[in-house]
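Asks: Protein chains in written order, with my numbering: chain A, 1 to 96; chain B, 101 to 196.
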DNA sequence: TAAAGTAGTTTATTTTATAAACCAAATTTT
DNA sequence: AAAATTTGGTTTATAAAATAAACTACTTTA
């Protein structure tokens, strides 16, 4: 009847991060914070979880003298997202 | 950019309960447990939260000698669900 | 050089979800 | 007919998440 909702993606902030990354090739920490409206602390934690899961890659480097963290979605992340959307359909119907 | 996801509905089990109730006029506890696959304890708690929020009505009575809890979605519940679905769209695109 | 800002991380607190234990009545088994 | 099982739940305890607050380390500006 109802498909399981991947708990890693069923989180407002992680879903927002994935959504941004799907449309953007790569995004840095500050951009993600702005787009999602999240606090830095929360974002830091959730980025970490997405990386652990292999859904995004995270590169920490420097831009001049400032630290810069850049994220990008992986193939695995894309298909997990697609699966999640499919599962959602079983809850909310095609009617949207 | 991203609309807020009503935290009361952004829960797998509560969403499933709402989804069932949307399509069914009214449903008893056992039916909901079967449809959602949830444990009775979890279902009991989540039904309570949906009722507190005014999203469903809960009537406890007897059918013969057995207790029988019947739930139905409210107008408020329907529009909250619709709002939630709209908000979801901001995360997953029109492709839902 | 002191204050404020940037880019994060770590830790602590609160909130949720889930499971486990429990209760009361009814039904079935021996 | 007593004992065990099932039904229909609720309550309580534990695990997992989300969020906020505090902190680190470095940089820029006044």
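Note that CB positions come from ideal geometry on N, CA and C, so glycine has one too.
(1) Please list the partners that residue 136/A has in chain B, where partner means a Cβ-to-Cβ separation under 7 angstroms.
(2) Does the count of Cβ pairs from the region 160 to 178 of chain B and the region 113 to 126 of chain B closer than 8 angstroms reach three?
(3) Any idea if residue 30/A is buried or exposed, counting beta-carbon neighbours within 10 angstroms, 16 or more meaning buried?
(4) Whole-angstrom Cβ separation of residue 13/A and residue 84/A, contact assumed at under 8 angstroms?
(5) Looking at the unbroken beta strand (DSSP E) that takes in residue 87/A, where does it start and where does it end?
(6) Within the continuous beta strand (DSSP E) that includes residue 157/B, where are the two ends?
(7) DSSP state of residue 7/A, grouped into three classes?
(8) For residue 27/A, does the three-state DSSP call read helix, strand or coil?
(9) Closer than 8 angstroms by beta-carbon distance: list the chain A residues that pair up with residue 125/B, in chain order.
(10) What does DSSP give as the partner residue(s) for residue 68/A in the beta ladder?
(11) Would residue 112/A and residue 20/A qualify as a contact pair, given that the criterion is a beta-carbon distance under 8 angstroms?
(12) Excluding the 5 residues flanking residue 156/B on each side, which residues of the same chain have their C-beta closer than 8 angstroms to its C-beta?
(13) So residue 112/B contacts chain A; which residues on that side make the cut at Cβ distance below 9 angstroms?
(14) If you drop the 5 nearest sequence neighbours on each side, which residues of the same chain put their C-beta closer than 7 angstroms to that of residue 133/B?
Replies: Judging by the given coordinates:
(1) With chain A running from 1 to 96 in the structure shown, residue 136/A is simply not present.
(2) yes
(3) What you label residue 30/A is simply residue 30 of the first chain in a count that begins at 1. Its Cβ having fewer than 16 others within 10 Å, residue 30/A is exposed.
(4) As a first step, residue 13/A is located in the first chain; it is residue number 13 there, counting from the start. As a first step, residue 84/A is located in the first chain; it is residue number 84 there, counting from the start. Not confirmed; about 14 angstroms, so no contact.
(5) Here residue 87/A corresponds to residue number 87 of the first chain, with the count starting at 1. No beta strand (DSSP E) contains residue 87/A, which is instead part of the alpha helix (DSSP H) from 75 to 92.
(6) For the purposes of this step, residue 157/B is identified with residue 57 of the second chain, where counting begins at 1. In the DSSP assignment, residue 157/B falls within the beta strand (DSSP E) that extends over 156 to 163.
(7) As a working mapping, residue 7/A is identified with position 7 in the first chain. Three-state result, residue 7/A: coil.
(8) Here residue 27/A refers to the residue found at position 27 of the first chain. Correct three-state label for residue 27/A: strand.
(9) For this step, residue 125/B is matched to residue 25 along the second chain. Those do not exist, as residue 125/B stays about 17 angstroms from chain A at its closest Cβ, beyond 8 angstroms.
(10) On the first chain, residue 68/A is found 68 positions in, with the first residue counted as 1. Note: residue 68/A is bridge-paired with 61/A in the DSSP secondary-structure output.
(11) Within the shown structure, residues of chain A are numbered from 1 to 96, placing residue 112/A beyond reach of any answer.
(12) Along the second chain, one-based indexing puts residue 156/B at 56. Only 117, 118, 121, 147, 150, 171, 172, 173, 174 and 177 meet the Cβ criterion.
(13) Sequence index remark: in the second chain, residue 112/B carries index 12 (1-based). Residues of chain A passing the Cβ test: 2, 4, 5, 7, 10 and 91.
(14) Reading the second chain from its first residue, position 33 is the one you call residue 133/B. Only 140 and 143 meet the Cβ criterion.
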